[in-house]
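Presented below is the structure to which this report refers.
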Amino acid sequence: MLLSITTWWEHLASFEKILWGIAIIFSTIYLVQSTLSLSGGDVDHADGDADAAIDHDDGMDYQFFTIKNMIAFFTMFGWAGLAAHYGGLGNMATVLVAFVAGTAIVVMTVLVLNYMSRLRHSGTMQLTNAINLTGTTYLFIPAKRGGTGKVHIKVQGSLRELPAMTDDEEEIATGKLIRVKKIINDSILLVTLAENNFSYKI
Numbered sequence: 001m002l003l004s005i006t007t008w009w010e011h012l013a014s015f016e017k018i019l020w021g022i023a024i025i026f027s028t029i030y031l032v033q034s035t036l037s038l039s040g041g042d043v044d045h046a047d048g049d050a051d052a053a054i055d056h057d058d059g060m061d062y063q064f065f066t067i068k069n070m071i072a073f074f075t076m077f078g079w080a081g082l083a084a085h086y087g088g089l090g091n092m093a094t095v096l097v098a099f100v101a102g103t104a105i106v107v108m109t110v111l112v113l114n115y116m117s118r119l120r121h122s123g124t125m126q127l128t129n130a131i132n133l134t135g136t137t138y139l140f141i142p143a144k145r146g147g148t149g150k151v152h153i154k155v156q157g158s159l160r161e162l163p164a165m166t167d168d169e170e171e172i173a174t175g176k177l178i179r180v181k182k183i184i185n186d187s188i189l190l191v192t193l194a195e196n197n198f199s200y201k202i
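Here full-length UniProt numbering is used: position 13 in the sequence shown is 13, and no number is missing along the way.
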C-alpha cells in the first residue's frame, strides 16, 4: 500500500502536489485541533497570543486573522483547489476558486461566532438596565441599608426576583412600589419607595 501511495505521489504534477500537500497537512491539523477542543485540551492560549499580536479594532467581536481561521482557510483552500483542478479548470482559475472558498469559510465562521456571541450577550442580564425602572417589593427591605430584601422587577423583558437595599428612613414593606436608583457592588439594587402609588403593571 505504501508503495502504491509513493507511486501515485510521484506521478502527480507539481501543482497537484502543492494542492494535495495543503489539503492533507491542514486537514490533519484541523482534525487534531477539533479533537483537542472536544476533549477540553484546546490550546486557546496560543491562538489568543497570535490574535493579540494582530488585533485591530475593526468593529467585529471575533477577529478575522487567527490561527484557527488560518487552518480553516487552508483546509478549504486545498480541497476546493483540488475539486476545481480535477474539474478541468486551469491553474490560475483553480487558485482563484480555492482562495474564494477559503475566504468564504472564514467569513462564515466569524459571522456565526459573532452572531452566537450576540445571542449570549442579549440573554445575559445587565443589572444597570434596571436603573430608574419600577417594581414591587417581594420581601420587605430594612431601612438605611440595614439588610437585604427582595423585589420583583421586569428587566430586559423578563420578570426577575432580585436582592435590594434602600437608603430610605423607613423600611419598605412587601407589596410596595419601588424605583431603582443605582446598583450596589454590581449585584444589589439600591431602591427607594416610589413617590406615586400608581398601579405597577408587569
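Cβ coordinates follow ideal geometry from the N, Cα and C atoms, glycine included.
Since this is a predicted model, take the numbers as computed values, not measurements.
The criterion of a C-beta distance shorter than 9 Å is satisfied by V151 and A164. Under DSSP, M165 forms a beta bridge with L190.
In this structure, A173 lies away from T134, with their beta-carbon atoms at least 9 Å apart. Between A72 and T109, the C-beta spacing is below 9 Å.
Distance from the CA of R145 to the CA of D167, rounded to the nearest whole angstrom, comes to 6 Å.
Each residue's CA atom was taken as its position, placing F140 and L111 some 47 Å apart. For G78 against L19, the beta-carbon gap comes to about 6 Å, under 8 Å, which counts as contact.
Judged by DSSP in its simplified three-state form, G175 adopts coil rather than helix or strand. The three-state secondary structure of T6, taken from DSSP, is helix. Rounded to the nearest whole angstrom, the CA to CA distance from N129 to G147 is 23 Å.
When beta bridges are read from the DSSP output, I141 appears opposite I172.
Exclusion of the five residues before and after N91 leaves F15 as the residues of its chain whose Cβ lies within less than 6 Å of its Cβ.
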